[in-house]
Amino acid sequence: MWAEVAIVGAGPVGLTAALLLGRLGVRTVVLEAEPGTSTHPRGHVVNARSMEIFRSLGLEDAIRREGLPAERNQGVAFLRRLIEPEVAVLRTRGLAARDAAHAAASPSHKVSCPQDRLEPVLRAAVEREPFVTVQFSTEVRDIAVEPHGVRLACAGAEVRARFLIGADGARSLVRDRAGITMSGLGRIGRQIGIHFEADLWRLVEDRPYLLWWIFNLKTCGVLIALDGRHRWTYNFAFDPKRETVADFTPERCLEVVRSVLGTDAAEIRIRSIMPWRMQARLADQFRAGPVFLAGDAAHPLPPTGGQGMNTGIADVHNLAWKLALVLRGRAPDALLDTYETERRPVAQVNIDQSVANAVKMAELGLSGMATADSPMARRLEGSDRLAAEAELRAVVPDLREHFDYLGQTFGAAYAAGAFLDDAGESPAFSVLDYAPSARPGHRAPHLWLERDDAPVSPIDLVGSGRFVLFATPDCATWCAAFEDLMAREGLSGSAWTVGPGGRLGDPSEGFRRVYGLEQGGAVLVRPDGYVGFRITPPDGLRPSEMLAQALDANLARASVLA
Numbered sequence: 108m109w110a111e112v113a114i115v116g117a118g119p120v121g122l123t124a125a126l127l128l129g130r131l132g133v134r135t136v137v138l139e140a141e142p143g144t145s146t147h148p149r150g151h152v153v154n155a156r157s158m159e160i161f162r163s164l165g166l167e168d169a170i171r172r173e174g175l176p177a178e179r180n181q182g183v184a185f186l187r188r189l190i191e192p193e194v195a196v197l198r199t200r201g202l203a204a205r206d207a208a209h210a211a212a213s214p215s216h217k218v219s220c221p222q223d224r225l226e227p228v229l230r231a232a233v234e235r236e237p238f239v240t241v242q243f244s245t246e247v248r249d250i251a252v253e254p255h256g257v258r259l260a261c262a263g264a265e266v267r268a269r270f271l272i273g274a275d276g277a278r279s280l281v282r283d284r285a286g287i288t289m290s291g292l293g294r295i296g297r298q299i300g301i302h303f304e305a306d307l308w309r310l311v312e313d314r315p316y317l318l319w320w321i322f323n324l325k326t327c328g329v330l331i332a333l334d335g336r337h338r339w340t341y342n343f344a345f346d347p348k349r350e351t352v353a354d355f356t357p358e359r360c361l362e363v364v365r366s367v368l369g370t371d372a373a374e375i376r377i378r379s380i381m382p383w384r385m386q387a388r389l390a391d392q393f394r395a396g397p398v399f400l401a402g403d404a405a406h407p408l409p410p411t412g413g414q415g416m417n418t419g420i421a422d423v424h425n426l427a428w429k430l431a432l433v434l435r436g437r438a439p440d441a442l443l444d445t446y447e448t449e450r451r452p453v454a455q456v457n458i459d460q461s462v463a464n465a466v467k468m469a470e471l472g473l474s475g476m477a478t479a480d481s482p483m484a485r486r487l488e489g490s491d492r493l494a495a496e497a498e499l500r501a502v503v504p505d506l507r508e509h510f511d512y513l514g515q516t517f518g519a520a521y522a523a524g525a526f527l528d529d530a531g532e533s534p535a536f537s538v539l540d541y542a543p544s545a546r547p548g549h550r551a552p553h554l555w556l557e558r559d560d561a562p563v564s565p566i567d568l569v570g571s572g573r574f575v576l577f578a579t580p581d582c583a584t585w586c587a588a589f590e591d592l593m594a595r596e597g598l599s600g601s602a603w604t605v606g607p608g609g610r611l612g613d614p615s616e617g618f619r620r621v622y623g624l625e626q627g628g629a630v631l632v633r634p635d636g637y638v639g640f641r642i643t644p645p646d647g648l649r650p651s652e653m654l655a656q657a658l659d660a661n662l663a664r665a666s667v668l669a
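In my numbering, the protein residues as written are 108 to 669.
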């Protein structure tokens with residue numbers, strides 16, 4: 108079999124990559140050793156940026172339907188057992204200022220959609236793509252790099268491809284065969300995840316929380332509501348010096364769950380038990396010739412912050428359009444080097460913050476997921492109970508960055524890469540708060556515009572391989588020059604004037620302010636929604652020449668990078 112791009116791994120990252128490439132007309136094959144998609148929930152956080160990407164693919168509503176209903180996803184509780192009152196609660200929704208900040212940042216909202224429900228949605232969409240083939244029960248046994256691509260040896264078959272994406276997890280064969288090393292913490296404790304079903308409505312009806320951090324003498328960990336009533340996972344650390352994975356039989360896990368609930372009344376059905384390792388590692392390279400790493404193959408993150416799957420989805424959103432343009436001869440191979448330049452620093456930030464979240468939990472005596480020992484659990488169950496409860500209530504507000512990270516979601520910008528910088532100021536990075544910026548290297552900000560009397564976001568006008576120019580209404584010459592440039596280059600693009608008399612209305616009159624433009628200014632947005640060029644004011648500049656230079660930078664042409 109031959110493909111332009113082969114992908115090893117059919118998890119959320121691999122399937123998203125296949126869908127993005129398929130929509131761009133790239134002949135793609137996905138190879139997955141397992142017989143089907145995940146049956147264990149694994150990851151569950153789909154952040155608002157990932158939901159924007161799925162929105163552009165027409166999957167936002169389907170994923171939201173499969174996730175935890177918003178009304179049941181209102182915060183994080185800290186308590187001894189589910190049957191008891193919560194000691195402290197961190198609200199993540201229902202706070203006017205935070206809700207307004209999230210609504211202002213994006214047309215999409217974070218969803219909790221577990222992997223066993225997310226992956227079938229992605230698989231169904233991928234299998235509708237005529238340019239994509241998905242092969243389950245296909246183990247890749249060896250990989251060889253050749254002069255014009257890669258050759259993958261599978262059981263009873265061989266696949267050749269021009270490029271290869273390794274989305275095959277933390278123990279990546281692709282990474283190993285590419286000779287790419289890793290740096291960081293290879294193991295942070297040992298953990299078990301229990302997926303079970305139980306009707307717990309009488310315990311949670313009036314407590315609509317996503318996460319329940321449990322602290323008692325028998326078990327400490329986090330209970331995750333998958334549907335708000337029947338489906339749950341419980342993740343906890345164990346001491347490998349005292350126990351092994353084999354010790355956690357279904358019977359033992361049933362007892363663990365009963366210790367979480369604090370009651371024997373509920374009928375519990377254990378669905379799956381999955382051992383896992385918390386890691387915080389980063390690949391020293393994201394590219395080796397025709398081989399690229401994405402997701403856990405490039406950066407296994409601790410789950411403390413829900414960044415792992417989302418970082419990987421953003422990886423392939425950055426990479427897909429670049430692969431398509433190089434394959435079609437519209438951009439040089441150097442464009443593919445900007446994948447590592449742009450994405451590796453963002454992965455490092457997400458790793459560092461996830462580790463910081465875990466460390467903070469430990470420093471506060473809560474343990475979290477890193478170790479089986481929790482000083483807080485001992486105190487909550489001992490004579491110091493009242494003081495421990497007061498202390499827990501006092502420290503929980505300091506954990507907001509762990510669970511509510513709007514700035515981290517949208518504020519991560521590229522310091523260098525495939526764009527023409529304008530040397531403008533960037534807002535200070537904050538995990539918690541997002542300050543929109545249209546400086547090149549930043550995600551193009553959201554605000555509600557108007558098209559044909561209907562609201563529309565800039566987020567909805569980019570993607571599908573298109574370059575997009577947004578300009579103030581008096582930039583007709585820039586729009587004409589842009590359209591001519593796209594036609595000459597054989598690229599897909601569209602130009603929109605924004606404001607009075609423009610193609611898009613600006614009912615809030617916020618476009619120029621949010622995008623940092625003076626009258627006569629314009630921004631060029633790349634196919635992945637990142638700003639590739641901004642000009643304000645354009646006095647004395649020739650639009651055709653300036654836009655050609657900007658496009659050269661966006662395509663990493665040597666004339667600009669030299």
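Ideal Cβ placement from N, Cα and C applies to all residues, glycine included.
Looking from the CA of Ala463, the closest CA among Glu498, Ala387 and Ala602 belongs to Ala387. Boundaries for Leu330: no alpha helix (DSSP H) harbours it, while the beta strand (DSSP E) harbouring it runs Cys327 to Ala332, taken from the DSSP string.
For the region 291–345, the full-length alpha helix (DSSP H) segments reaching 4 residues or more read 308–311 along the chain. Within its own chain, the residues whose Cβ lies closer than 7 Å to the Cβ of Leu434, once the five positions on either side in sequence are excluded, are Glu111, Val133 and Arg269, listed in chain order. For Leu654 against Glu596, the beta-carbon gap comes to about 10 Å, at or over 8 Å, which does not count as contact. Between the region 508–522 and the region 197–206 there are three or more C-beta pairs closer than 8 Å, enough to call the two in contact. Excluding its 5 nearest sequence neighbours in each direction, Asp346 has C-beta neighbours in its own chain below 6 Å: Ala479, listed in chain order. Of all alpha-carbon atoms in Pro580, Gln515 and Gly150, the one lying nearest the alpha-carbon of Pro410 is that of Gly150. Note that the C-beta distance between Tyr637 and Phe526 is below 8 Å.
In terms of CA proximity to Ala522, Gly639 leads the group Gly639, Thr135, Gly276 and Gly174. In this chain, the alpha helix (DSSP H) harbouring Ile420 covers Gly415 to Leu434.
Contact annotation, Gly623 with Gly531: C-beta distance approximately 6 Å; criterion of less than 8 Å satisfied. By the CB criterion at 8 Å, Val153 and Cys220 fall inside the cutoff. Restricting attention to Gly263, Asp540, Asp275 and Glu173, the CA atom closest to the CA of Met108 is found in Gly263. For Cys261, the uninterrupted beta strand (DSSP E) segment begins and ends at Gly256 to Cys261. In the three-state reduction of the DSSP assignment, Val112 falls in the strand class.
When C-beta atoms of the region 354–370 are compared with those of the region 309–325, three or more pairs fall below 8 Å, so the two segments count as touching. Here Leu554 has Gly617 and Val621 as same chain residues with Cβ atoms under 6 Å from its own Cβ, once five neighbours each way along the sequence are excluded. If you look at Gly518, you'll find it in the alpha helix (DSSP H) that goes Leu513 to Gly518. The count of Cβ pairs closer than 8 Å, one atom from the region 288–300 and one from the region 377–387, reaches three, so the stretches are in contact. Burial check for Asp491: the Cβ neighbour count within 10 Å stays below 16, so the residue is exposed. According to the DSSP assignment, Ser163 belongs to the alpha helix (DSSP H) that extends over Ala155 to Ser163. Secondary structure of Phe510 (DSSP, three-state): helix.
Taken in chain order, the complete alpha helix (DSSP H) segments of 4 or more residues contained in the region 512–562 are 513–518. Here Ala520 has Ser533, Gly548 and His549 as same chain residues with Cβ atoms under 7 Å from its own Cβ, once five neighbours each way along the sequence are excluded. Glu167 counts as buried, since no fewer than 16 other beta carbons sit within 10 angstroms of its beta carbon.
For the set Asp529, Arg558 and Asp560, the Cα lying nearest the Cα of Ala629 is the one of Asp529. DSSP places Met593 in the uninterrupted alpha helix (DSSP H) bounded by Ala583 to Glu596. The Cβ atoms of Val137 and Val252 do not sit closer than 8 Å to each other. Residue range Ala441 to Glu470 is occupied by the alpha helix (DSSP H) that includes Leu443. Close CB contacts of Gly129 within its chain, under the 8 Å cut and outside five residues either way in sequence, are with Thr135, Val233, Glu236, Pro237, Phe238 and Val239 (chain order). The beta-bridge partner set that DSSP reports for Asp249 consists of Ala260. In the structure shown, the three-state DSSP call for Glu496 is helix. Gly419 is positioned such that its CB atom lies closer than 8 Å to that of Ala401. For Tyr637, the pairing in a beta bridge is given by DSSP as Arg550. Looking at Ile287, Val502 and Thr516, the one whose alpha-carbon comes closest to that of Glu447 is Ile287.
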